[in-house]
Amino acid sequence: MTQATLDTALQSLDTANFTSLACKECGEEYPAAATHVCEFCFGPLEVKYDYEKIKQKVSRETIEAGPNSIWRYKEFLPVATDNPIDVGTGMTPLLRANRLARRLGLKELYIKNDAVNMPTLSFKDRVVSVALTRAKELGFSTVSCASTGNLANSTAAIAPMPD
Ligand SMILES: [Zn+2]
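Numbering (the working numbering), first residue to last: -9 to 153.
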């Protein structure tokens, strides 16, 4: 990581609802910058959120007033920008599953149909929209991924990163 990228990452924290990254395995903390695994144990890194800050910003009304996409939940996502890459990802329907509910002994059961996500009809559109928005705000102009299929498809579809 370059110093410029780290500086950009740290500047974005002024408006962000997250403070740092932490290793899920050993707890080591890192700046909220482009770091993919723990340098000590190779464990995955998780975003640490400022829930008090989120509580002050978010209400049912602010969420309902948001765009018709995952970006209405922006305050819960690890991005600082007010200009996310919004290609209509999210807002997929819940389907009532009466027979499965009966079989499981439940009164009601709904299944989220992410097979109608945009733009590639994959749940991967969610993570790619968020990851590329963060990559863009950190100053990256090129992205890549290791994939067996739908992640690469989603990355290719969203990567042009329109403004
Ligand atoms: Zn670790």
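Glycine included, each C-beta is placed from N, C-alpha and C at the ideal position. For clarity, every value in this text was computed on a predicted model and none was experimentally measured.
Next on the checklist: I'd like to know whether the C-beta atoms of LYS102 and ASN140 end up nearer to each other than 8 Å.
Outcome noted: Working through the sequence shown from its first residue, we reach residue 102 at position 112. Working through the sequence shown from its first residue, we reach residue 140 at position 150. No. Outside cutoff.
Next on the checklist: What I want to know is whether the C-beta of GLU18 ends up closer than 7 Å to one or more non-hydrogen atoms of ligand 1.
Outcome noted: Residue numbering aside, residue 18 sits at position 28 when the sequence shown is read from its first letter. True, at least one ligand heavy atom lies under 7 Å from that Cβ.
Checklist entry - Does ligand 1 have even one heavy atom less than 7 Å from the beta-carbon of GLY139? => result Within the sequence shown, numbered from 1, the residue matching residue 139 stands at position 149. Flag unset: Cβ of GLY139 not near ligand 1.
Item to check | At least three beta-carbon pairs within less than 8 Å, the region 66 to 73 to the region 120 to 128 | outcome: yes
Checklist entry - What residue ranges within the region 55 to 106 form continuous alpha helix (DSSP H) runs of no fewer than 4 residues, ordered along the chain? => result 88 to 94
Next on the checklist: Pairs of beta-carbons, one from the region 37 to 44 and one from the region 8 to 15, closer than 8 Å: are there three or more?
Outcome noted: yes
Checklist entry - If you count every other CB in all the chains shown that lies within 10 Å of the CB of ASN73, and 16 or more means buried, which is it? => result Locating residue 73 in the sequence shown gives position 83, where the first residue counts as 1. When all chains shown are included, ASN73 counts as exposed.
Checklist entry - How about GLU15: is its Cβ closer than 7 Å to a heavy atom in ligand 1? => result For this step, residue 15 is matched to residue 25 along the sequence shown. Answer for GLU15: yes, Cβ within range of ligand 1.
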